[in-house]
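I have placed the structure first, in the form of structure tokens, so that the comments after it can refer back to it.
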Amino acid sequence: MLESGLTHLAVSLRGVTKAYDNGVMALGPLDLAVRKGEFISLLGPSGCGKSTALRIVAELSPPSSGIVRVARHEGVALPGHGIGFVFQEPTLMPWASVRENVRLPLKLGGVAKAEGRARADAALASVGLADFAEAFPRELSGGMKMRVSLARALVTDPDILLMDEPFAALDEITRFRLNNDLLALWRALGKTVIFVTHSVFESVYLSQRVVVMTARPGRIQADLRIETVEPRGEAFRTSAAYSDYCRRVSAALAPSYSEQSTL
Amino acid sequence: MNAQGSAVAKPSGAQRAMRLVLPIIVFAAGLLAWELVVRLKDIPPYVLPAPSVIVMTLIKDWPVLSQSLATTLLTTLEGFVAASIGGIALALLFNQSKWVEYSLFPYAIVLQVTPVIAIAPLLLIYLEQQTAVVVCAFIVAFFPVLSNTTLGLNSVDRNLAGLFQLYGASKPQTLRFLKLPAALPYILGGLRIAGGLSLIGAVVAEIAAGTAGAGSGLAYRIAESGYRLNIPRMFAALLLLSLAGIVIYGVLAVVSHLVLRRWHESALGKEN
């Protein structure tokens, strides 16, 4: 299925499983290959282990078995800087200004203060928050906090962006705007994005590939490619092709929730 | 728009004024009643001194009382500083190593639940009086600092901790940039309690030391005046102790507010 060799892969998981301490299988075995520069969504019912998979890729949680490979380019000397992670909540430090929040990964990596501030400001500008560097997180709306979180993930210029249901808590209008902004950033920066979501519509709108997962333990149910005219915009969101893709993804998702209902 | 704004603002302004004025009225009424009862019934000052007599005593005995006040405040301060440093340091140690926490925490509780008034006489045997008094203040005040700091250090947001892990933060970095700031509101809450408690600890120890010692704190003055039936001076010393407690609490509350005002819920206005 994969036409390219291993060097073109940003992330590869082979036979990865995760078991909880009480022996319950949460995930897998999971085989997944993500090419460099690809935008892929992991879609599945809650509790299917898609967030766990993301945490395993980020090395926040070790797999119980299996092999995880994450490509990092040689220039990355600082730990963790090949990967940017956006959590479900904005996860900002309430005691620090927006700029200091964005600068955090650089500060922890020992980047000088002046350079760190400049890069933090640039990252903030890229998400449209240049004017809010001095503000404190509590002064921002939910959508703006999420943008700060995104800026922080981008500030180290990572190759891979991992996003764990980042827009789930936002209202639909804000989510649509952030979807468009995220697509624009992805086109401009060419990062590999692994996007976890439980929204069929969001996954189809955003990604080149939608990986549908089964209920616990999470496995791959379907792997669908979404092909359309790029760049995507509001025209795509209202097109017949879009709703057709949504129908196919929903159909792939259906067994896992009917399965769950028998539990 | 403007009229509406002021109409909304008015009751809250009046309410704020009332919250200030009402206790003062109650205080003044109480003093007046006290004064009247003492004068009308002709109660002698060695039974119950009138407020005016207490104030006169305060002025007349100021040289003695102010010296005692300074002594007690110094003891309180020393106890408070020791409790703050000791409590925070111990909490940090507990946070670094579970084994240390398991080994020592029960003893911290034992120290807390044993009434300090019962420990004070023992301390006075083994330690020099001034040291014993400071140690008493420390014992009473350090536990809230310890338990609050421990709670704060354990209340770090899990996702933020994950973020620090992701970016390869070292232990000192995590402590300095994540755990301590997250624990700060809790630490300040602990210090606010500890301020008042170290005054109590100092007073208890002075009372326990009694007139036998060479001490000259306010509590010692109260005990001494009691033996001499100098009741107005007892009241005057008590008044000073009370005021000292209020000032200590007020200063710590203001410091806490200033430190947290940019970000913490406790220091934000209600409209936010």
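Which chain is which? The protein sequence lines are H and W, in order. Under the working numbering, the residues of the first sequence are numbered 1 to 263, in order. Under the working numbering, the residues of the second sequence are numbered 1001 to 1272, in order. Think of the CB as a built atom: it goes at the ideal place given N, C-alpha and C, for glycine as much as any other residue.
Among the residues of its own chain, which have a CB less than 8 Å from the CB of residue i, if the five just before and after it don't count?
i: residue 261/H; result: Because the pLDDT of residue 261/H is 46, which lies under 50, any placement of that residue in the model is unreliable, and the number read from its coordinates should be weighed accordingly. Correct list: empty, nothing qualifies.
i: residue 99/H; result: 117, 120, 121, 124, 133 and 134
i: residue 190/H; result: 37
i: residue 94/H; result: 136, 137 and 138
i: residue 1160/W; result: 1178 and 1182
i: residue 243/H; result: none
For a cutoff of 8 Å on Cβ pairs, would you count residue i as touching chain H?
i: residue 1166/W; result: yes
i: residue 1045/W; result: no
i: residue 1160/W; result: yes
i: residue 1172/W; result: no
i: residue 1169/W; result: yes
i: residue 1261/W; result: no
i: residue 1239/W; result: no
i: residue 1163/W; result: yes
i: residue 1157/W; result: yes
i: residue 1023/W; result: no
i: residue 1051/W; result: no
i: residue 1181/W; result: yes
According to the neighbour-count rule (16 or more other Cβ atoms, all chains shown, within 10 Å of its Cβ), is residue i buried or exposed?
i: residue 1044/W; result: exposed
i: residue 1261/W; result: exposed
i: residue 1217/W; result: buried
i: residue 97/H; result: buried
i: residue 144/H; result: buried
i: residue 1096/W; result: exposed
i: residue 1226/W; result: exposed
i: residue 1171/W; result: exposed
i: residue 147/H; result: buried
i: residue 1063/W; result: exposed
i: residue 229/H; result: exposed
i: residue 2/H; result: For residue 2/H, the pLDDT reaches just 42, beneath the cut-off of 50, and the residue's location in the model is therefore unreliable, although a value from the coordinates is still provided. Classification of residue 2/H: exposed, given that the 10 Å Cβ count is below 16.
i: residue 256/H; result: buried
i: residue 221/H; result: buried
i: residue 21/H; result: exposed
Could you spell out where the beta strand (DSSP E) holding residue i opens and where it closes?
i: residue 15/H; result: 9 to 19
i: residue 211/H; result: 209 to 213
i: residue 221/H; result: 220 to 225
i: residue 33/H; result: 25 to 35
i: residue 163/H; result: 160 to 164
i: residue 1149/W; result: From DSSP, residue 1149/W is part of no beta strand (DSSP E) but of the alpha helix (DSSP H) over 1129 to 1153.
i: residue 197/H; result: 192 to 197
i: residue 41/H; result: 39 to 43
i: residue 200/H; result: Premise fails: residue 200/H lies in the alpha helix (DSSP H), 200 to 206, not in any beta strand (DSSP E).
Starting from residue i and walking both ways along the alpha helix (DSSP H), at which residues does that stretch end?
i: residue 1086/W; result: 1062 to 1096
i: residue 69/H; result: No alpha helix (DSSP H) holds residue 69/H; the beta strand (DSSP E) holding it covers 65 to 70.
i: residue 56/H; result: 50 to 57
i: residue 1119/W; result: 1116 to 1126
Could you pull out every residue in the same chain whose Cβ sits closer than 7 Å to the Cβ of residue i, ignoring the five residues on either side in sequence?
i: residue 1004/W; result: Bear in mind that the predicted position of residue 1004/W carries a pLDDT of just 42, short of 50, making it unreliable; the figure below should be weighed with that in mind. Hits under 7 Å: none found.
i: residue 196/H; result: 42, 50, 51, 54, 163, 164 and 165
i: residue 246/H; result: 200, 201 and 204
i: residue 1061/W; result: 1233 and 1236
i: residue 19/H; result: 25, 26 and 64
i: residue 1075/W; result: 1133, 1134, 1137, 1202 and 1217
i: residue 1241/W; result: 1203 and 1218
Do the CB positions of residue i and residue j come within less than 8 Å of each other?
i: residue 1137/W; j: residue 1123/W; result: no
i: residue 207/H; j: residue 56/H; result: no
i: residue 101/H; j: residue 137/H; result: yes
i: residue 1205/W; j: residue 1120/W; result: yes
i: residue 216/H; j: residue 47/H; result: yes
i: residue 1186/W; j: residue 1148/W; result: yes
i: residue 1127/W; j: residue 1135/W; result: yes
i: residue 267/H; j: residue 214/H; result: With chain H running from 1 to 263 in the structure shown, residue 267/H is simply not present.
i: residue 174/H; j: residue 128/H; result: no
i: residue 212/H; j: residue 252/H; result: yes
i: residue 1102/W; j: residue 1229/W; result: no
i: residue 60/H; j: residue 1168/W; result: no
Ordered along the chain, which non-local residues of its own chain (more than five positions away) have a Cβ less than 6 Å from that of residue i?
i: residue 318/H; result: Outside the shown range of chain H (1 to 263) lies residue 318/H, about which nothing can therefore be said.
i: residue 1112/W; result: 1143
i: residue 1188/W; result: 1256
i: residue 1034/W; result: 1051
With a threshold of 8 Å between beta-carbons, can residue i be considered close to chain W, or not?
i: residue 95/H; result: yes
i: residue 109/H; result: yes
i: residue 231/H; result: no
i: residue 91/H; result: yes
i: residue 138/H; result: yes
i: residue 54/H; result: no
i: residue 87/H; result: yes
i: residue 105/H; result: yes
i: residue 58/H; result: yes
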